[in-house]
Amino acid sequence: MKEPAALPRRAWLWVFAAYLFQSIPAAVRDEALPIALKNTGYADKDITKVVAYLGLIFGFKILLAPLVAAYRPRGFILVTELAISALLGGLALQVAAEHPSSPTIIACLILLSFVAAAHDFALDGYFVSALDDRSRATHSALLNFASKLGMVLAGPGLIWLAGRIMEYGPQSADAWSWALLAAAVLALFAVLANALGLRAEPAQVTDDRTVSERFQDMWSGLGALFRDPRLLAVLGLILFYRASEIHMGKILPLFATSSTPGGLALGNETYAIMRIATAVCGLALGGVIGSQIVARLGLGRSLIPLGVAMHVPLAAIAWLASTGSHDLRFIGTVFFIEYLAYGAGLCALLLAMMKLASGPGAAVRYAALSTFALLANYLPGLWAGSLSDKLGYAQYFLFALSLAIPGILSAWVAKRHFPEA
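Heads up: the sequence shown begins at 90 in my numbering, then just goes up one per residue.
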């Protein structure tokens with residue numbers, strides 16, 4: 090009897106669906122949640138702390154590596170995606186409850202971040218192991234597009250949807266409940282598409298090592314990283330190169346939608362539409378420009394000019410806060426240039442991290458560097474809101490701009506470690 094013919098691979102389908110899904114919890118946490126809390130009356134200092142604490146949970150991602158490896162990767166990815174979809178749906182129901190339970194909502198958000206961290210590690214590992222070098226290169230553009238599309242749909246898209254619903258009368262909590270339910274439905278469609286794509290993938294060899302052996306391999310990879318002479322320079326980049334941008338990003342959505350003095354007083358819909366138009370185009374174009382500059386000049390020589398370019402637009406944002414200008418065309422232009430410059434600078438930072446991580450144990454090394462990057466990204470949220478309350482938006486953005494000094498110094502130190510790049 091003939092064996093059933095193997096199904097044709099549909100890597101394009103699972104890459105698109107899985108990475109679109111991957112961006113949904115992150116966008117809900119980093120973009121939609123701050124606006125939702127702002128709409129329901131929370132102070133900036135409380136909002137930035139909540140987002141920071143939830144984001145810091147991702148710092149445990151590297152410790153999950155030996156445990157995640159014990160499961161079949163395709164099944165683990167799909168199970169965690171179903172769990173995340175269920176948590177989004179449960180969060181939507183709890184937000185709209187007659188007597189919403191704050192502990193339950195907080196528990197849902199914590200579980201969402203924890204399960205998403207495990208999912209992200211499993212998916213990234215599967216992408217690296219299931220595809221060869223040529224296939225990874227072929228699908229990298231699709232991965233990037235899917236991630237950005239998911240960020241738009243689950244971030245500005247939900248903000249826009251909640252704003253539209255509020256126009257018809259429902260209270261903020263009810264509007265955001267419907268928006269979260271929409272995110273859960275979007276996530277389920279992504280799960281179905283991912284399952285269809287993964288169904289045609291060839292079976293992979295199960296990792297039969299003990300948990301102890303897998304932890305030993307992880308510590309070995311980390312030991313090699315900590316002995317690398319380039320580590321301190323790259324850590325300096327991770328901590329300081331985009332510190333200005335990170336501090337600004339924690340307050341920018343709150344500043345844009347705030348009706349207090351110094352805020353731009355943009356409605357949810359206006360802000361969302363601006364964010365969609367400027368962020369996607371700006372980040373995508375910035376990534377292309379950044380990669381071209383690195384290709385022409387080399388990584389070491391690109392770090393300082395890209396770092397300077399990344400910080401310049403913050404001066405315009407500080408000016409917006411000081412003048413109270415509400416000219417939408419000018420605001421949109423500033424947002425676009427800021428995202429464009431950030432996309433170019435981020436490209437240089439990621440390439441530096443990848444070069445340091447390359448070699449034996451690359452997955453663990455890069456995961457460790459990503460953990461440091463997560464800490465650098467979310468820790469400022471613990472004090473950003475309180476600081477902006479004390480200084481005011483304009484002075485806060487000037488403070489953020491002053492962080493360009495250690496950022497450029499970190500680029501000057503790091504460039505000497507990549508002379509051949």
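Every residue gets a Cβ at the ideal spot worked out from N, C-alpha and C, and that includes glycine. This one's a predicted model, so the numbers in the text were calculated from it and none came from an experiment.
By the three-class DSSP mapping on this structure, what secondary structure does PHE507 have? Locating residue 507 in the sequence shown gives position 418, where the first residue counts as 1. It is coil, neither helix nor strand.
Option in SER459, PRO394, ALA115 with minimal Cα separation from LEU311: Within the sequence shown, residue 311 is the residue found at index 222, counting from 1. Measuring C-alpha to C-alpha distances from LEU311 to each of SER459, PRO394, ALA115 identifies SER459 as the nearest.
N- and C-terminal bounds of the alpha helix (DSSP H) containing TYR428: Within the sequence shown, residue 428 is the residue found at index 339, counting from 1. It spans 417-446 - the alpha helix (DSSP H) in which TYR428 sits, taken as one unbroken run.
Could you spell out where the alpha helix (DSSP H) holding ASP317 opens and where it closes? Walking along the sequence shown from the start, residue 317 turns up at place 228. Boundaries for ASP317: no alpha helix (DSSP H) harbours it, and the DSSP string shows neither H nor E there.
Reduced DSSP secondary structure (H/G/I, E/B, other) of GLU290: Taking the first residue of the sequence shown as position 1, residue 290 is located at position 201. For GLU290, the three-state secondary structure derived from DSSP is coil.
For LEU270, I'd like the list of residues in its chain whose CB is within less than 6 angstroms of its CB, leaving aside the five on either flank, ordered along the chain. Taking the sequence shown and counting its residues from 1, one reaches residue 270 at position 181. Excluding its 5 nearest sequence neighbours in each direction, LEU270 has C-beta neighbours in its own chain below 6 angstroms: ALA181, listed in chain order.
Nearest CA to the CA of LEU143: which residue from ALA196, ASP133, LEU171, ILE124? Counting from 1 along the sequence shown, the entry for residue 143 is found at position 54. From the listed residues ALA196, ASP133, LEU171, ILE124, the smallest Cα separation to LEU143 is found for ALA196.
Measure the beta-carbon distance from ALA273 to ALA251 and round it to whole angstroms, keeping in mind my assumption that it falls under 8 angstroms. Taking the sequence shown and counting its residues from 1, the one referred to as residue 273 is at position 184. Taking the sequence shown and counting its residues from 1, the one referred to as residue 251 is at position 162. Actually they are not in contact, since the Cβ atoms of ALA273 and ALA251 sit about 14 angstroms apart, beyond 8 angstroms.
Closer than 8 angstroms is the cut-off here; do at least three beta carbon pairs connect the stretch 412-426 with the stretch 103-110? No: fewer than three Cβ pairs fall under 8 angstroms.
Does the beta-carbon distance from ILE194 to VAL184 come in below 8 angstroms? Indexing the sequence shown from 1 puts residue 194 at position 105. Indexing the sequence shown from 1 puts residue 184 at position 95. Contact: yes.
Where do the ends of the alpha helix (DSSP H) carrying ARG385 lie? In the sequence shown, residue 385 corresponds to position 296, counting from 1. Per DSSP, ARG385 belongs to the alpha helix (DSSP H) from 357-386.
Hey, how far is the Cα of ALA446 from the Cα of LEU439? Indexing the sequence shown from 1 puts residue 446 at position 357. Indexing the sequence shown from 1 puts residue 439 at position 350. So the two alpha carbons sit approximately 10 angstroms from each other.
Sequence-distant residues of its chain with Cβ nearer than 6 angstroms to GLY376 (five each side left out): Locating residue 376 in the sequence shown gives position 287, counting from the first residue. Excluding residues within five positions, the ones whose Cβ falls inside 6 angstroms are GLY432, CYS436.
By Cβ distance, which residues of its chain are closer than 6 angstroms to MET240, with the 5 residues on each side in sequence left out? On the sequence shown, position 151 is the one that residue 240 refers to. Shown here for MET240: same chain residues with a beta carbon closer than 6 angstroms to its own, the five before and five after excluded, namely SER112, ALA116 in chain order.
Name the residue from ALA211, LEU242, ALA172 whose alpha carbon lies nearest to the alpha carbon of VAL369. Taking the sequence shown and counting its residues from 1, the one referred to as residue 369 is at position 280. It is LEU242.
Going by DSSP, what residue range makes up the alpha helix (DSSP H) through ILE335? The count along the sequence shown starts at 1 and reaches residue 335 at position 246. Per DSSP, ILE335 belongs to the alpha helix (DSSP H) from 332-346.
Rounded straight-line distance, which links the Cα of ASP209 to that of GLY179: Taking the first residue of the sequence shown as position 1, residue 179 is located at position 90. Taking the first residue of the sequence shown as position 1, residue 209 is located at position 120. If I take the Cα positions, the gap works out to 21 angstroms.
For ARG163, does the three-state DSSP call read helix, strand or coil? As a working mapping, residue 163 is identified with position 74 in the sequence shown. In the three-state reduction of the DSSP assignment, ARG163 falls in the helix class.
Buried or exposed for LYS504, going by 16 or more other Cβ atoms inside 10 Å? Stepping through the sequence shown from its first residue, residue 504 is reached at position 415. Label assigned to LYS504: buried.
Please state the DSSP three-state secondary structure of GLY144. As a first step, residue 144 must be located in the sequence shown, where it is residue number 55. Three-state DSSP puts GLY144 in a helix.
Among ALA410, PRO291, ILE497, which has the Cα closest to the Cα of ARG161? The residue you call residue 161 lines up with position 72 of the sequence shown. Put simply, of ALA410, PRO291, ILE497 the residue whose alpha carbon is nearest the alpha carbon of ARG161 is PRO291.
I'd like to confirm something about ILE194: is its beta-carbon nearer than 7 angstroms to some heavy atom of the ligand SAM, or not? Among the components of this structure there are no ligands whatsoever, and the ligand SAM is therefore not found.
Going by DSSP, what residue range makes up the alpha helix (DSSP H) through SER491? Here residue 491 is taken as the residue at index 402 of the sequence shown, counted from 1. Segment 482-491, the alpha helix (DSSP H) holding SER491.
Cα separation between GLN484 and VAL168? Residue 484 sits at position 395 when you count from the first residue of the sequence shown. Residue 168 sits at position 79 when you count from the first residue of the sequence shown. Looking at the two C-alpha atoms, the distance is approximately 46 angstroms.
In whole angstroms, what separates the C-alpha of LEU231 from that of LEU238? Walking along the sequence shown from the start, residue 231 turns up at place 142. Walking along the sequence shown from the start, residue 238 turns up at place 149. Approximately 10 angstroms between the Cα atoms of the pair.
Mapping DSSP to helix, strand and coil, what is GLY252? As a working note, residue 252 is residue 163 in the sequence shown. GLY252 sits in a helix when the DSSP states are folded into three classes.
Within 8 angstroms, strictly: CB atoms of TYR482 and ALA410: Locating residue 482 in the sequence shown gives position 393, counting from the first residue. Locating residue 410 in the sequence shown gives position 321, counting from the first residue. Contact flag set, yes.
With a 10 Å radius around its C-beta and 16 neighbouring C-beta atoms as the bar for buried, classify GLY494 as buried or exposed. Looking up residue 494 in the sequence shown gives position 405. Contrary to the premise, residue 494 reads as Ile rather than Gly in this sequence. Exposed.
So ILE146 packs on ALA206, CB below 8 angstroms; how close in whole Å? Reading the sequence shown from its first residue, position 57 is the one you call residue 146. Reading the sequence shown from its first residue, position 117 is the one you call residue 206. Rounded to the nearest angstrom, the Cβ distance from ILE146 to ALA206 is 6 angstroms, consistent with a contact under 8 angstroms.
For ALA279, I'd like the list of residues in its chain whose CB is within less than 7 angstroms of its CB, leaving aside the five on either flank, ordered along the chain. Working through the sequence shown from its first residue, we reach residue 279 at position 190. Excluding sequence neighbours, ALA279 sits near ALA106, LEU109, PHE110.
What residue range does the alpha helix (DSSP H) around GLN260 cover? The residue labelled residue 260 in the question sits at position 171 within the sequence shown. For GLN260, there is no enclosing alpha helix (DSSP H), as DSSP marks it with neither H nor E.
Among ALA235, ALA289, ARG364, which residue has its Cα nearest to the Cα of LEU341? Along the sequence shown, read from residue 1 onward, the residue named residue 341 stands at position 252. Of the candidates ALA235, ALA289, ARG364, the one whose C-alpha sits nearest the C-alpha of LEU341 is ARG364.
What is the residue span of the alpha helix (DSSP H) that THR129 lies within? Start at 1 with the first residue of the sequence shown, and residue 129 comes out as number 40. Judged by DSSP secondary structure, THR129 falls outside any alpha helix (DSSP H); it is assigned neither H nor E.
With a threshold of 6 angstroms on Cβ separation, who are the neighbours of PHE507 within its own chain once the five nearest residues in sequence on each side are excluded? Here residue 507 is taken as the residue at index 418 of the sequence shown, counted from 1. Excluding residues within five positions, the ones whose Cβ falls inside 6 angstroms are LEU388, GLY389.
Rounded to a whole number of angstroms, what is the C-alpha to C-alpha distance between LEU176 and ARG288? To locate residue 176, count along the sequence shown from 1; it is residue 87. To locate residue 288, count along the sequence shown from 1; it is residue 199. C-alpha of LEU176 to C-alpha of ARG288: approximately 25 angstroms in a straight line.
Once you ignore the five residues that flank GLY470 on each side, which residues in its own chain have a CB closer than 6 angstroms to its CB? The sequence position of residue 470 within the sequence shown is 381, counting from 1. Correct list, in chain order: THR137, VAL140, ALA141, LYS339.
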